[in-house]
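Here the structure is laid out as structure tokens; the discussion comes afterwards.
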Amino acid sequence: MSGLDPRAPLVLDTRELGRRAGSQREVELTVPAPADLGIDVLRVAEGTPVELDLRLEAVLEGVLVTGTARAALVGECVRCLREIDDDVEVELQELYVYDDIRDREPAEEDDEVSLLEDDLLDLEPLLRDAVVLALPFQPLCEDDCPGLCTECGARLADDPDHGHEDPIDPRWAGLTALTQTGLTQDPDNDERGA
Ligand SMILES: [Zn+2]
Ligand SMILES: [Zn+2]
2 MSGLDPRAPL VLDTRELGRR AGSQREVELT VPAPADLGID VLRVAEGTPV
52 ELDLRLEAVL EGVLVTGTAR AALVGECVRC LREIDDDVEV ELQELYVYDD
102 IRDREPAEED DEVSLLEDDL LDLEPLLRDA VVLALPFQPL CEDDCPGLCT
152 ECGARLADDP DHGHEDPIDP RWAGLTALTQ TGLTQDPDND ERGA
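Numbering (my numbering), first residue to last: 2 to 195.
The structure is reproduced here in structure tokens:
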């Protein structure tokens with residue numbers, strides 16, 4: 002049933018830790034980010050270093066993993082489309098249950114339990130969940146990003162006093178020019194007030 006590849010960057014081998022409850026190991030490692038880590042508008046680019054600072058602790062039922070993961074983020078502001086250059090740090094905590102113990106105790110209601118497989122544990126689902134939860138659904142370049150000018154698309158953060166003296170819907174620009182021409186020639190012919 003083991004589908005874990007011991008050479009995969011996010012698969013840890015816990016054999017060295019042993020099964021004596023209370024035994025611990027600190028694990029610091031940097032791994033390349035897996036694909037699709039994050040959400041569309043904000044994510045850890047595939048292959049970007051993810052710094053893991055973990056503690057593995059043997060407990061009665063399995064191995065408790067706690068620690069942090071840090072990585073750089075790329076994305077774009079949902080208001081002004083400017084590139085976002087940020088990073089994310091998440092807390093990780095998960096109990097990986099020994100698969101042989103699990104076999105003896107039939108599954109209860111939660112199938113969400115993480116299992117050790119042949120003393121291997123897979124950090125990827127844990128990392129993925131933690132990162133996705135930590136990201137804002139609507140990332141902004143700054144909390145108060147004013148977005149883009151609805152008239153011309155200029156980025157308002159770059160030009161706070163930006164404005165248009167006489168906003169004109171381009172669809173009516175030609176018509177207005179005609180009317181104004183009429184005005185200078187014959188004021189009585191002005192029908193715009195209707
Ligand atoms: Zn923005
Ligand atoms: Zn504008």
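Note that beta-carbon positions come from the ideal geometry of N, C-alpha and C, so glycine has one too.
- By the CB criterion at 8 angstroms, L43 and P140 fall inside the cutoff.
- Per DSSP, the beta-bridge partners of D86 are V75.
- Straight-line measurement puts the Cα of A22 at about 42 angstroms from the Cα of D86.
- Within the chosen limit of 7 angstroms, ligand 1 reaches the beta carbon of A158 through at least one heavy atom.
- Burial is judged here by how many other beta carbons sit within 10 angstroms of a residue's own beta carbon; C153 has fewer than 16 and is exposed.
- Exposed is the label assigned to L61, since fewer than 16 other Cβ atoms lie within 10 Å of its Cβ.
- For E95, the beta-bridge partners assigned by DSSP are V66.
- In the DSSP assignment, L13 falls within the beta strand (DSSP E) that extends over V12 to D14.
- Per DSSP, L43 is one residue of the beta strand (DSSP E) stretching across L43 to V45.
- In the DSSP assignment, D123 falls within the beta strand (DSSP E) that extends over L121 to D123.
- One Cα belongs to E17, the other to P147, and the distance between them is close to 54 angstroms.
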